[in-house]
Amino acid sequence: MFQDVTIALLSGFWETIKLFLLTLVFSLPLGLLISLGAMSRLKVLKAILKFIIWVIRGTPLMLQLLVIYFGPGLILGNNWWGSGDTGRFVAALVAFVINYACYFAEIYRGGIQSIPVGQYEAGAVLGLTKSQTFFKVILLQMIKRIVPPMANEIITLVKDTSLARIISVYELIWAGQSFIKSAGIIWPLFYTGVFYLLFSALLTFLFDLLEKKLDYFH
Amino acid sequence: MIPILEVKNLQKSFGETAVLKDINFSMEEGEAVSVIGSSGSGKTTLLRCLNFLETPDGGSISVNGNALFDAKGPGAKSEAEIRKNRLHFGLVFQNFNLFPQYTALENVCLAPKLASDGSAEAAAAIRKQAEELLDQMGLSDRMGNYPHQLSGGQQQRVAIARALALHPDILCFDEPTSALDPELTGEVLKVIRGLAEQKMTMIIVTHEMAFAHDVSDRVIFMDGGVIVEQGSPADVMEHPKEERTRQFLANYSKA
Chain C
-19 MFQDVTIALL
-9 SGFWETIKLF
1 LLTLVFSLPL
11 GLLISLGAMS
21 RLKVLKAILK
31 FIIWVIRGTP
41 LMLQLLVIYF
51 GPGLILGNNW
61 WGSGDTGRFV
71 AALVAFVINY
81 ACYFAEIYRG
91 GIQSIPVGQY
101 EAGAVLGLTK
111 SQTFFKVILL
121 QMIKRIVPPM
131 ANEIITLVKD
141 TSLARIISVY
151 ELIWAGQSFI
161 KSAGIIWPLF
171 YTGVFYLLFS
181 ALLTFLFDLL
191 EKKLDYFH
Chain D
351 MIPILEVKNL
361 QKSFGETAVL
371 KDINFSMEEG
381 EAVSVIGSSG
391 SGKTTLLRCL
401 NFLETPDGGS
411 ISVNGNALFD
421 AKGPGAKSEA
431 EIRKNRLHFG
441 LVFQNFNLFP
451 QYTALENVCL
461 APKLASDGSA
471 EAAAAIRKQA
481 EELLDQMGLS
491 DRMGNYPHQL
501 SGGQQQRVAI
511 ARALALHPDI
521 LCFDEPTSAL
531 DPELTGEVLK
541 VIRGLAEQKM
551 TMIIVTHEMA
561 FAHDVSDRVI
571 FMDGGVIVEQ
581 GSPADVMEHP
591 KEERTRQFLA
601 NYSKA
């Protein structure tokens, strides 16, 4: 029994990992674009992005999942996502990417704004372009400063993936829960906690490693 | 002879506050000019205008007879043009502003490398030049160190090498020793003195009066956004004509 449960949970865990990794792949760069846009001099762009960040941070992620999955069908009369597993997974991914990009954007903004203005000025008087100054001078210093808050947010994402359950995306919690109906046992649901714990332990280890790696400068 | 730098009627205000009011001066090639004056007199703003970190509100800046900035000329310049104009000037900051993630050598190489064609020969030449500059700054054993591993005086000398690596026509120093304790001030002043002996054209904003007296060909005294007096160090600092200059210098002789 234990072996069967473990195998079932592993398949659910694989879906969780997929959602987690794909969310990071898209939301990390999107967040940077949003944060640069929210700091730009274009007032309209800035206002729009600030509004989006406000809405996304101000409403529950679970609600966002429901709106993004059911919204197109209810409002436009056209279900973009299709009805299959893939459609639901993509809808969940879109919701997670938007949500996490907004949180990451605020972390990036904090990091970028904490870099002393003298670094930009030194780049400027050395004839660097704005993008050279950003990529060659600012970015790594920013990354070093945002590792702790990013680690926090990314570990939160591991657990937030379970919310995809609300639009019937198969993942770890679902895999555990299914044994209640099929076998009348609840312990597989509790057992899922071990997977989350081990995975966040791995992430914590990796972030510590990154922090040490960036310790060569102050 | 065309002056290497000519500043005419330069004006700059921040909001209601006029920080520079009608600044006029020129420099010959190889001249070292010190700018002295109390805090808030506009010295730093003047250097920042020369390096296009601030856009002047009026007047003109010419290098070798070419107007790099003219408030009366055609409108705003492109970012690329400003970047090109900046390279006539180098700026050494009060707080060094080295890039913390790069070693001393990498700090000196970064800008020339980004401006080069990226070839291996160019990279080798840039590296060789950087090593020579750091050697000249007395830092040959510190090239591989990161800024946080260096003393303030060493950091400032790396910053000077970094500015020199781009071969500016005019090197500007913005209170280069104000963030240093007296012990470290000497090593930086020694380096600047060496540059003066090599006839590097320099504008030095400083509170080190004895140094300004010693190293400069000319001293400019600024107060309230105007140049009150300028001339040889002996004239301005020993026999000031203006009452305001006398008051300012008196504070130093008392100390």
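Residue numbers (my numbering), protein chains in the order written: chain C, -19 to 198; chain D, 351 to 605. We put the beta carbon where it would ideally sit given N, CA and C, even for glycine.
(message) Tell me which residues share the same chain as V538/D and place their Cβ nearer than 7 Å to its Cβ, disregarding the 5 neighbours each side in the sequence.
(response) As a working mapping, residue 538/D is identified with position 188 in the second sequence. If the five residues before and after V538/D are omitted, its C-beta is found closer than 7 Å to the C-beta atoms of G503, Q506, R507, P526, T527 and L530, all from its own chain and listed in chain order.
(request) Kindly say whether Q451/D, judged by its beta-carbon, lies nearer than 7 Å to any beta-carbon of chain C. (result) Along the second sequence, read from residue 1 onward, the residue named residue 451/D stands at position 101. Nearest CB-CB separation between Q451/D and chain C: below the 7 Å threshold.
(request) Rounded to whole angstroms, what's the CA-CA distance from D567/D to L521/D? Just pull it up for me. (result) Taking the first residue of the second sequence as 1, we reach residue 567/D at position 217. Taking the first residue of the second sequence as 1, we reach residue 521/D at position 171. Looking at the two C-alpha atoms, the distance is approximately 15 Å.
(request) Out of Q499/D, P424/D and V458/D, state which residue places its alpha-carbon closest to the alpha-carbon of A513/D. (result) Locating residue 513/D in the second sequence gives position 163, counting from the first residue. With distances taken between Cα atoms, A513/D lies closest to V458/D.
(request) Could you say which of Y196/C, T172/C, K193/C and H198/C lies nearest to I(-13)/C if we only look at CA atoms? (result) Translated into the one-based positions of the first sequence, residue -13/C becomes position 7. Of Y196/C, T172/C, K193/C and H198/C, the residue nearest in Cα terms is T172/C.
(request) Please classify I458/D: does DSSP put it in a helix, a strand, or coil? (result) Residue numbering aside, residue 458/D sits at position 108 when the second sequence is read from its first letter. Ile is not the amino acid found at residue 458/D; the sequence shown has Val there. Three-state DSSP puts V458/D in a helix.
(message) Is the separation between the beta-carbon of A430/D and that of A480/D shorter than 7 Å?
(response) Locating residue 430/D in the second sequence gives position 80, counting from the first residue. Locating residue 480/D in the second sequence gives position 130, counting from the first residue. In this structure, the beta-carbon distance from A430/D to A480/D does not fall below 7 Å.
(request) Look at P406/D and S376/D and say whether their C-beta atoms are less than 7 Å apart. (result) Mapped onto the second sequence, residue 406/D falls at position 56. Mapped onto the second sequence, residue 376/D falls at position 26. Taking the C-beta atoms as reference points, S376/D is found no nearer than 7 Å to P406/D.
(message) For a test of the three-state rule: what should DSSP assign to F419/D, helix, strand or coil?
(response) As a first step, residue 419/D must be located in the second sequence, where it is residue number 69. Three-state result, F419/D: strand.
(message) Given this structure, state the Cα-to-Cα distance separating L189/C from G98/C, to the nearest angstrom.
(response) Working through the first sequence from its first residue, we reach residue 189/C at position 209. Working through the first sequence from its first residue, we reach residue 98/C at position 118. Approximately 29 Å between the Cα atoms of the pair.
(request) Express the C-alpha separation of V555/D and V385/D in angstroms, rounding to a whole number. (result) Position 35 of the second sequence, counted from the first residue, corresponds to residue 385/D. Position 205 of the second sequence, counted from the first residue, corresponds to residue 555/D. C-alpha separation (whole angstroms): 5 Å.
(message) Going by DSSP in three states, I386/D sits in which element: helix, strand or coil?
(response) What you label residue 386/D is simply residue 36 of the second sequence in a count that begins at 1. Residue state, collapsed to three classes: strand.
(request) Sort out for me which residues DSSP pairs L370/D with in a bridge. (result) Along the second sequence, one-based indexing puts residue 370/D at 20. Beta bridge pairing from DSSP links L370/D with K362/D.
(message) Applying the 10 Å Cβ sphere with the 16-neighbour rule, what's the burial state of A475/D?
(response) In the second sequence, the residue the question calls residue 475/D occupies position 125. Taking all protein chains shown into account, A475/D has fewer than 16 neighbouring C-beta atoms within 10 Å of its C-beta and is therefore exposed.
(request) For I28/C, count neighbouring C-beta atoms within 10 Å of its own C-beta (all shown protein chains included) and say buried if the count is 16 or more, exposed if not. (result) Numbered from 1 along the first sequence, position 48 holds the residue referred to as residue 28/C. I28/C counts as exposed, since fewer than 16 other C-beta atoms from the protein chains shown sit within 10 angstroms of its C-beta.
(message) I need the boundaries of the alpha helix (DSSP H) containing D531/D, first residue and last residue.
(response) For the purposes of this step, residue 531/D is identified with residue 181 of the second sequence, where counting begins at 1. Unbroken run through D531/D: none, as it is neither H nor E.
(request) Below 6 Å CB to CB, which residues in the same chain sit around I118/C once its five sequence neighbours on both sides are set aside? (result) In the first sequence, the residue the question calls residue 118/C occupies position 138. Here the set comprises I95.
(request) Tell me, to the nearest whole angstrom, how far the beta carbon of Y88/C is from that of S15/C; I am working on the premise that it is less than 8 Å. (result) Position 108 of the first sequence holds residue 88/C. Position 35 of the first sequence holds residue 15/C. Confirmed, about 4 Å.
(request) Report the three-state DSSP secondary structure of G164/C (helix, strand or coil). (result) Working through the first sequence from its first residue, we reach residue 164/C at position 184. In the three-state DSSP reduction, G164/C falls in the coil class, being neither helix nor strand.
(request) Using only alpha-carbon positions, find the residue among Y196/C, L45/C and G57/C that is nearest to L120/C. (result) On the first sequence, position 140 is the one that residue 120/C refers to. When each option's Cα is compared against that of L120/C, the closest is Y196/C.
(message) So H498/D contacts chain C; which residues on that side make the cut at Cβ distance below 7 Å?
(response) As a position in the second sequence, residue 498/D is number 148, starting the count at 1. Against chain C, a Cβ distance below 7 Å from H498/D picks out F197 and H198.
(message) Along the segment 455 to 479 of chain D, where does the CB come closer than 8 Å to a CB of chain C? Name the residues.
(response) Hits within the stretch, in order: L460, A461, L464 and A465.
(message) Going by DSSP, what residue range makes up the alpha helix (DSSP H) through D564/D?
(response) Counting from one through the second sequence, the residue named residue 564/D turns up at place 214. First-last of the alpha helix (DSSP H) with D564/D: M559 to V565.
(request) Run the CB neighbour count on S63/C, radius 10 Å, all protein chains shown included, and call it buried at 16 or more, exposed below. (result) Numbered from 1 along the first sequence, position 83 holds the residue referred to as residue 63/C. Answer is exposed; the Cβ neighbour count stays below 16.
(message) In the DSSP output, which residue or residues are listed as bridge partners for M572/D?
(response) If you number the second sequence from 1, residue 572/D lands on position 222. The bridge partners DSSP lists for M572/D are I577/D.
(request) State the beta-bridge partners of D491/D as determined by DSSP. (result) Stepping through the second sequence from its first residue, residue 491/D is reached at position 141. None, per the DSSP bridge assignment.
(request) Return helix, strand or coil for E356/D, following the three-state DSSP convention. (result) Counting from one through the second sequence, the residue named residue 356/D turns up at place 6. It is a strand residue.
(request) Answer with buried or exposed for T535/D, where buried requires no fewer than 16 other C-beta atoms within 10 angstroms of its C-beta. (result) Sequence index remark: in the second sequence, residue 535/D carries index 185 (1-based). Residue environment analysis places T535/D among the buried positions, since at least 16 neighbouring C-beta atoms fall within 10 angstroms of its C-beta.
(request) Just the chain C side, please: which residues come within less than 8 Å of F443/D by C-beta, in chain order? (result) For the purposes of this step, residue 443/D is identified with residue 93 of the second sequence, where counting begins at 1. Simply G98, E101 and A102.
(request) Report the option in H498/D, M493/D, P497/D and M487/D whose CA atom is closest to the CA atom of I510/D. (result) Here residue 510/D corresponds to residue number 160 of the second sequence, with the count starting at 1. Out of H498/D, M493/D, P497/D and M487/D, M487/D has the C-alpha closest to the C-alpha of I510/D.
(request) Please classify F439/D: does DSSP put it in a helix, a strand, or coil? (result) Start at 1 with the first residue of the second sequence, and residue 439/D comes out as number 89. Here F439/D sits in strand by DSSP.
(request) Report the rounded CA-to-CA distance for G38/C versus A144/C, giving the unit in angstroms. (result) Taking the first sequence and counting its residues from 1, the one referred to as residue 38/C is at position 58. Taking the first sequence and counting its residues from 1, the one referred to as residue 144/C is at position 164. Cα-Cα distance, rounded: 19 Å.
(request) Say whether the segment 406 to 420 of chain D touches the segment 354 to 372 of chain D, bearing in mind that this needs 3 or more beta-carbon pairs closer than 8 Å, one atom from each stretch. (result) Using a Cβ-Cβ distance cut-off of 8 Å, the segment 406 to 420 of chain D and the segment 354 to 372 of chain D are in contact, since at least three pairs of beta carbons, one from each stretch, lie closer than that value.
(request) Give the DSSP-derived three-state secondary structure of D140/C in the structure shown. (result) Residue numbering aside, residue 140/C sits at position 160 when the first sequence is read from its first letter. If DSSP states are grouped into helix, strand and coil, D140/C belongs with the helices.
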